[in-house]
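Data first, discussion second: the structure below is written as structure tokens.
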Amino acid sequence: MLKINKPIRVNPTFMQVIRLLGHGFLVMWLAMVFYQGFTDQLGGDPVQSLLDFTGIGALNLLVISLIVSPLAMHLKFAQLLPFRRPIGLYSALYALSHFYVFIAFELQFELKLIVSEIIERPYITVGFVTLLILIALSITSINAIKKWMGAKWFTLHSLAYVAVILAGLHYLWLVKSAWYEPAIYILFSAFLSILRRTKIKKIFK
Amino acid sequence: MLFKFRNSNSLTENQVTDEAVYKQRRDILKKLGYFGAGSLLAASTKATAGPFDWFSDGDKAKFATSALNFSKIQTDASSDVLTPMDKATSYNNFYEFGTGKDDPINNAQSLNVEPWSLSIEGLVEKPITLSYDDLFSSFDLEERIYRLRCVEAWSMVIPWVGFSLANIIKKAQPLSSAKYVSFQTLYDPKQMPGQRSRFTGGGVDYPYVEGLRLDEAMQPLTMLSVGMYGKTLPPQNGAPIRLVVPWKYGFKSIKSIVKIVLTDKQPPTTWQNLAPDEYGFYANVNPRVDHPRWSQGRERRITDGGLLAQNRIDTLPFNGYDEVAPLYKSMDLRKFY
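So the sequence lines, in the order shown, correspond to chains A and B. First residue of the first sequence? That's 35 in my numbering, and the numbers climb one at a time after it. First residue of the second sequence? That's 63 in my numbering, and the numbers climb one at a time after it.
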């Protein structure tokens, strides 16, 4: 493997521009796909298209947020680290949109059905637990709360690794037969957890 | 202000290059001597469309369908709102062309259906082989509007053109030992990318096979369809000939059929082979028997309109075709799902 000893340091303004572009891109993309959904430009079943887009989007963002730390360490590129929080928050935003599309357009606010689906369908239960984890992590990512929580914060935020594996399981469980893609997500998430095993172990001891 | 994000395959009339101009372009290329190199590149990009369409030269031709002559039959679903044709032809499950809903329309346009051969064989007195032209001329064609309920809990209303399967089975004169009818889709990995690898074909062991009990096959509702919306079938919907069994989940309605065999034993079916605990041989639409992973009690009817126009309706036993209920008298439909 390529060994880079020299730390990477780039112009902070450049990182700021990348950050703003990232915000713009992720917000615009989500807004655009919703707009297409409302104006009937998402193919035969706009609800399914939106569910797929927001679900896969949330999972991809969660995986990316977890890649940041190992990548920053490997490349000695500390300026990447501040990207973790916004990417994680976007993952939660996409996951919330996913849940909103599910209850608003798939189940059309049939309250009884919402409750029974979450309880009775294992893949929906797993998805819902993932969403709760992401919401908890989002709320506790506020600086004041983070400070107040101290060391407990790191324990709580290790749940991101649980979330990514549950999200992969949620995906694997809902496909009809093409299980390869979700399997790749799960394997990759497991690999990420192994990369960070020492850190995770330390926290749970 | 309305932004219109056009799909890669929704070409408009004015985008069609005049044939003369198109050929001229090739001539010019040939004269320049680039044609050899150019066609080499073209071969590697294939007919896969996607977000990188900008890089292809947009030469992809749409499959040509033609108008059919038929009489209109009043059906139970005639008063239902039709699913728009562009939705019924762009949102398909046809894993032979990929597992995504828009894979079939993107990957199936070059399917060659002429010549075609459909054989009816097995336990019959007179085996029949139909050529492409025979499919449209052997029987009087009728337009019937049917509801289609997918096992994934969405549904459409589609005007099919075709004839009762019973017509062709009667013509072949089934032997008294015949109890079941099995169907097989074209197997041609060269034309069907999903059949080339387990990864693109959803793990299905091709060719796709389906089956019916003989009395189900003889039920007049059961039809072989050669067209929809007044024209011959596009390949993503199962050109040139497909089955339509409106009281069963959509996966029973096998597409692009090449072989029909009458048998004395219950034939294997693709989805039952894949997951026997989730998909049975009968697969009758039944709101009281849930799929192990999702509810079958209600369905989302795909008609016009965006997110706000979605209508969720109750799923009816036998998809509302109560006349078939006597076929299953004294059967436990929970056990034979």
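Backbone N, C-alpha and C define an ideal beta-carbon position, used for all residues, glycine too. On a predicted model such as this, the values are computed, not experimentally measured, just so you know.
| Check | Outcome |
| --- | --- |
| Neighbourhood of Leu226(A) by C-beta, 8 Å cutoff - its chain only, sequence neighbours within 5 removed | Val97, Leu100, Ile101, Pro104, Tyr195 and Val198 |
| Among Glu158(B), Trp333(B) and Arg355(B), nearest to Glu151(A) - alpha-carbon criterion | Arg355(B) |
| Alpha carbon of Ala234(B) to alpha carbon of Arg258(B), nearest angstrom | 34 Å |
| Sequence ranges, beta strand (DSSP E) only - wholly within the stretch 293-347 of chain B, length at least 3 | 304-306 and 319-325 |
| Buried versus exposed call for Gly154(A) [16 or more other C-beta atoms within 10 Å across all chains shown] | According to the sequence displayed, residue 154(A) carries Glu and not Gly. With fewer than 16 other Cβ atoms within 10 Å, it is exposed. |
| Counted within 10 angstroms of its Cβ, other Cβ atoms place Ala126(A) as buried (16 or more) or exposed | buried |
| Within-7 Å CB hit, Gly71(A) to chain B | yes |
| CA nearest to the CA of Gln407(B), picked from Tyr249(B), Lys314(B), Gly368(B) and Ile220(B) | Here chain B comprises residues numbered 63 to 399, so residue 407(B) is not present and cannot be evaluated. |
| Cβ shell of Gly71(A) (< 6 Å), same chain only, five flanking positions each side left out | Pro80 and Leu84 |
| Per DSSP, cross-strand counterpart(s) of Ala129(B) | Lys293(B) |
| Partners in chain A for Ile375(B), counting only beta-carbon separations shorter than 8 Å | Going along chain A, no residue has its Cβ under 8 Å from Ile375(B), so there is no contact; the nearest lies around 11 Å. |
| Beta-carbon gap between Gly264(B) and Thr332(B) smaller than 7 Å | no |
| Member of Asn94(A), Leu123(A) and Glu144(A) whose CA lies at the smallest distance from the CA of Gly359(B) | Glu144(A) |
| Between the CA atoms of Ala129(A) and Ile173(A) - distance to the nearest angstrom | 14 Å |
| Contacts around Tyr312(B), its chain only, beta-carbon distance under 6 Å, and the 5 residues preceding and following it disregarded | Before going further, note that residue 312(B) is Gly rather than Tyr in the sequence given. Within the same chain, Gly312(B) has close Cβ partners Leu210 and Cys212. |
| Under the three-state DSSP convention, the category Val67(A) falls into | helix |
| Inter-stretch contact (C-beta, 8 Å, three-pair minimum) for the stretch 295-302 of chain B and the stretch 234-244 of chain B | no |
| Distance between Ile182(B) and Ile231(B) (C-alpha atoms, nearest Å) | 8 Å |
| Residues that Tyr208(B) bridges to, as DSSP identifies them | Ile220(B) |
| Tyr268(B), DSSP secondary structure in three states | coil |
| Neighbour list for Asp164(B) in chain A, Cβ cutoff strictly below 7 Å | Gly77 |
| Residue environment, Ser223(A), which counts as buried when at least 16 other CB atoms sit within 10 Å | buried |
| Burial state of Lys391(B), where buried means 16 or more other Cβ atoms lie within 10 Å | exposed |
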